[in-house]
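See structure below.
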Amino acid sequence: MSVAYINDRQALLTLLFQWSSAGWIRDLDAAFADQLAQLTPEADTTCLLAAALVSHLAGQGHLLLDLQQLQAHPRSLIAVQPQEAKNDLATPESFIAALAAHDWEKELRRWTAVGEGDGNEPLVLDGSRLYLRRYWRHEQRITAKIEARVTQTTEWAAEDTRALLDCLFPRDDTNASEARWQKIACALGARSPFAVITGGPGTGKTTTVIRLLALLQSLNIKTGNPALRIALAAPTGKAAARLNESIAKQVEALSELALPEGAQATIPKEVKTLHRLLGARPDTRHYHYHARRSLPFDMVVVDEASMVDIDMMAALLDALPPHARLVLLGDKDQLASVEAGAVLGNLCQRADVGYYNDEIAHWIETTTGFVLENDYRDTRGRALDQSVAKLRHSFRFDSQSGIGQLAHAVNAGDASQALKVIKDQTYTDLTHIKLSTKAPYPKLTALAVAGRKDNASALGLSHYLQRIHRQETRPAISAGKARWDAWAADILDAHTAFQLLTPLRQGPWGVEALNERIEQALMRDNLIHKTEDTSHWYEGRPVLVTGNDYGLKLMNGDIGITLNAPRQFDTQATSETTDDSGLTLRVAFPDGQGGIRWVLPSRLQRIETVYAMTVHKSQGSEFAHTALVMPDTLSPILTRELIYTAVTRAKSTFTLLDANEGLLAHAIERRIQRHSRLFA
Ligand SMILES: Nc1ncnc2c1ncn2[C@@H]1O[C@H](COP(=O)(O)OP(=O)(O)OP(=O)(O)O)[C@@H](O)[C@H]1O
Numbered sequence: 001m002s003v004a005y006i007n008d009r010q011a012l013l014t015l016l017f018q019w020s021s022a023g024w025i026r027d028l029d030a031a032f033a034d035q036l037a038q039l040t041p042e043a044d045t046t047c048l049l050a051a052a053l054v055s056h057l058a059g060q061g062h063l064l065l066d067l068q069q070l071q072a073h074p075r076s077l078i079a080v081q082p083q084e085a086k087n088d089l090a091t092p093e094s095f096i097a098a099l100a101a102h103d104w105e106k107e108l109r110r111w112t113a114v115g116e117g118d119g120n121e122p123l124v125l126d127g128s129r130l131y132l133r134r135y136w137r138h139e140q141r142i143t144a145k146i147e148a149r150v151t152q153t154t155e156w157a158a159e160d161t162r163a164l165l166d167c168l169f170p171r172d173d174t175n176a177s178e179a180r181w182q183k184i185a186c187a188l189g190a191r192s193p194f195a196v197i198t199g200g201p202g203t204g205k206t207t208t209v210i211r212l213l214a215l216l217q218s219l220n221i222k223t224g225n226p227a228l229r230i231a232l233a234a235p236t237g238k239a240a241a242r243l244n245e246s247i248a249k250q251v252e253a254l255s256e257l258a259l260p261e262g263a264q265a266t267i268p269k270e271v272k273t274l275h276r277l278l279g280a281r282p283d284t285r286h287y288h289y290h291a292r293r294s295l296p297f298d299m300v301v302v303d304e305a306s307m308v309d310i311d312m313m314a315a316l317l318d319a320l321p322p323h324a325r326l327v328l329l330g331d332k333d334q335l336a337s338v339e340a341g342a343v344l345g346n347l348c349q350r351a352d353v354g355y356y357n358d359e360i361a362h363w364i365e366t367t368t369g370f371v372l373e374n375d376y377r378d379t380r381g382r383a384l385d386q387s388v389a390k391l392r393h394s395f396r397f398d399s400q401s402g403i404g405q406l407a408h409a410v411n412a413g414d415a416s417q418a419l420k421v422i423k424d425q426t427y428t429d430l431t432h433i434k435l436s437t438k439a440p441y442p443k444l445t446a447l448a449v450a451g452r453k454d455n456a457s458a459l460g461l462s463h464y465l466q467r468i469h470r471q472e473t474r475p476a477i478s479a480g481k482a483r484w485d486a487w488a489a490d491i492l493d494a495h496t497a498f499q500l501l502t503p504l505r506q507g508p509w510g511v512e513a514l515n516e517r518i519e520q521a522l523m524r525d526n527l528i529h530k531t532e533d534t535s536h537w538y539e540g541r542p543v544l545v546t547g548n549d550y551g552l553k554l555m556n557g558d559i560g561i562t563l564n565a566p567r568q569f570d571t572q573a574t575s576e577t578t579d580d581s582g583l584t585l586r587v588a589f590p591d592g593q594g595g596i597r598w599v600l601p602s603r604l605q606r607i608e609t610v611y612a613m614t615v616h617k618s619q620g621s622e623f624a625h626t627a628l629v630m631p632d633t634l635s636p637i638l639t640r641e642l643i644y645t646a647v648t649r650a651k652s653t654f655t656l657l658d659a660n661e662g663l664l665a666h667a668i669e670r671r672i673q674r675h676s677r678l679f680a
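Numbering of the sequence shown is given in the UniProt record's numbering, commencing with residue 1 and proceeding in unit increments.
The following block contains the structure:
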């Protein structure tokens, strides 16, 4: 490594922009170091490099740069893949190695851009950990606000709680009961103003939280307190819509139980996105509700909390009145949020074991009748541990289910067991399709179009496309909006029968290339009719919204389908051409309340075709048949969490397509560890 770089700031900044051109760091990361260099002439190269790296790591979801780890294992923080290396360009790794002897901490402490958190310095050094100031403050505030809640308890009479829990869980009287942990989660959630309920797919997170709400409202009514004002929220429109669908039924089911009068009626059925709950203002990080104008609720429940990033969690906790309860639901083993942080994962680090102390074990026993085994008890359990419950029984996947077995093996990091389950022909809900490295696409597109020939419930895209083309079900142009809405809702529902997932965006196995291949295959099979003059809009095109659009009331993650529909459905319709039939292209989106929002294609700014979707974007959604196609070369994006998230998107059948089996094993063995100090 040339000494010039080490002592020459200009040379270093040039190198950083070269790394950015090579795709090793973001332009933003180099620009951040460049800006700090201009503001602080005293900054040496170590400092500027550390600034670029902390920004780069934030882009990867990490909250901090651990200087000790940087010096001991630079590759674990920033690694250039062998295929990406450039002959004439020094890699970050070699550069960091050349600076090994420097005292990074000392240099950083001398730098005016680095503070201890209370000032306005853009960076904060906390021990040997360097943060962007925003993330350091978020960590501090989140920790303080959660600590303040977990150290409080609500003292309900144990006999009242027990009677209500027995009413809510009528058949659960043995320790082996499948609903045991659900009942325990309710007992913990009633006692603590902060509760986390984690569990895999179908373990009853929604069922449990509705019973927890019923329990709390009943206890309040019984003790003469006013009912809680409750808000239900989820991080994306899709997740909110999914919870909306299941919640009404679950609340309805409470009417069969002998709860105190009025308890059921005080449980809300409407789920909002967190952005809407907080009153997001377009294009800013500011919300209507914040620390000085609290949310008008006594309790907030957040579903799919694994998708909540650190910025949103900090904003939510700021806006939550100090007395208000917070319940987080989610699957701790799924991929973390797209943006930085892994708050749910951090909160649930000890959830597998429990660490319940004697006091809480006694509360559990007296209110649920269940005696906790020693494995789940620990006198050194922290306050947070007493507020976290893990649901351990899946009501969706029994022991005969290949998907359940596969998800379990992936989660346990047992790659050989996962491969064994995939290859085991006895699981009808699981298939492995081997792709040829030379010509992988024919088999792949055949599956995407037609589904699996050997399994009638493993459908493909033709399922919803054929439904669109079925003339006998298509409404007449004169039919009312309700009839057209019902038709579109049926097609949107049919669309959830299948989804192809891929880990990557770019390259031959990325979303873009796969979408193109599948589009061609669908055209060949006459399932879509794309012509030059319709450009990329044609009937049947499914689109994914990639950014919130408050004007159109569309949220990141929403999926719509392009359909020919009467033009009067859209009030903005102006110069759109209408074909001979009087119909024109509209994109139909579910409006979250059982109706359809018909949108002009030209009004959609941030969308992409979604025959294939990245695993990251699929979080919060489920599909009857989910297929995952693995790339044929190593990529840092392939991790255990990614495979687990993909497998658990499947409701009834899962298909794995790969050309190189080794990659699945490699991915299962790699975990994502997002660096943060939250509840470490
Ligand atoms: N205690 C129970 N007894 C019987 N059935 C249950 C129980 N708990 C949950 N179920 C059923 O299991 C299924 C999944 O439950 P639920 O939707 O609450 O789980 P979830 O963890 O929220 O699921 P998801 O993975 O979709 O988020 C539902 O059909 C529900 O009715």
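The beta-carbon is built from N, C-alpha and C at its ideal position, and this holds for glycine as well. Being a predicted model, the structure only gives us computed values, none of them experimental.
Would you mind giving the Cβ-Cβ distance between residue i and residue j, rounded to the nearest angstrom? I have them listed as a contact below 8 Å.
i, j, result
"D298", "R350", "That pair is no contact at about 28 Å."
"G547", "R606", "4 Å"
"A665", "A409", "Contact flag wrong, Cβ pair sits at about 11 Å."
"L67", "E105", "6 Å"
"residue 683", "T203", "The structure shown has nothing for residue 683, since the chain only spans 1 to 680."
"A163", "W363", "That belief does not hold up - the Cβ atoms of A163 and W363 are roughly 15 Å apart, past 8 Å."
"G540", "I559", "Their Cβ separation, rounded to whole angstroms, is 13 Å, which puts G540 and I559 out of contact at 8 Å."
"A389", "A185", "4 Å"
"L430", "L461", "At roughly 20 Å, the Cβ-Cβ gap does not stay under 8 Å, so L430 and L461 are not in contact."
"V615", "L642", "5 Å"
Along the alpha helix (DSSP H) that carries residue i, what are the first and last residues, could you check?
i, result
"L295", "Unbroken run through L295: none, as it is neither H nor E."
"M307", "Careful: M307 lies outside any alpha helix (DSSP H) and carries neither H nor E."
"V610", "Careful: V610 lies outside any alpha helix (DSSP H) and carries neither H nor E."
"H408", "G402 to N411"
Which value, in whole angstroms, describes the spacing of the CA atoms of residue i and residue j?
i, j, result
"W487", "G404", "34 Å"
"Q568", "A476", "14 Å"
"L317", "D490", "39 Å"
"T382", "A680", "Note that residue 382 is Arg in the sequence shown, not Thr. For R382 and A680, the distance between alpha carbons rounds to 12 Å."
"S457", "L657", "18 Å"
"A97", "P508", "34 Å"
"T571", "H288", "Note that T571 scores a pLDDT of 47, beneath 50, so its modelled location is shaky; the value from the coordinates is reported in the next line. Rounded to whole angstroms, T571 to H288 spans 29 Å at the Cα level."
"G237", "G620", "9 Å"
"T284", "H275", "11 Å"
"L12", "I637", "28 Å"
"G402", "V421", "7 Å"
"D358", "S94", "52 Å"
"L89", "Q10", "16 Å"
"P92", "R137", "28 Å"
"L132", "L522", "47 Å"
"G117", "A324", "28 Å"
"I433", "A627", "10 Å"
"N7", "T45", "6 Å"
"S20", "A79", "14 Å"
"D29", "A144", "30 Å"
"L63", "A336", "13 Å"
"V353", "Y376", "5 Å"
I need the DSSP call for residue i, collapsed to helix, strand or coil.
i, result
"A179", "coil"
"D485", "helix"
"Y355", "coil"
"Q471", "coil"
"H495", "helix"
"V615", "helix"
"E661", "coil"
"G369", "coil"
"A646", "helix"
"K423", "helix"
"Y538", "coil"
From what residue to what residue does the beta strand (DSSP E) around residue i run?
i, result
"T14", "Premise fails: T14 lies in the alpha helix (DSSP H), R9 to S21, not in any beta strand (DSSP E)."
"P542", "P542 to V545"
"A157", "Here A157 belongs to no beta strand (DSSP E), and DSSP marks it neither H nor E."
"S652", "A650 to D658"
"K390", "V388 to L391"
"A624", "F623 to V629"
Length at least 4, wholly inside the stretch 226–270: the alpha helix (DSSP H) runs in chain order: 237–253
Unbroken alpha helix (DSSP H) runs of length 4 or more, entirely within the UniProt domain "RecBCD enzyme subunit RecD N-terminal" (22–131): which are they? 27–39, 45–59, 67–72, 74–77, 92–98 and 104–110
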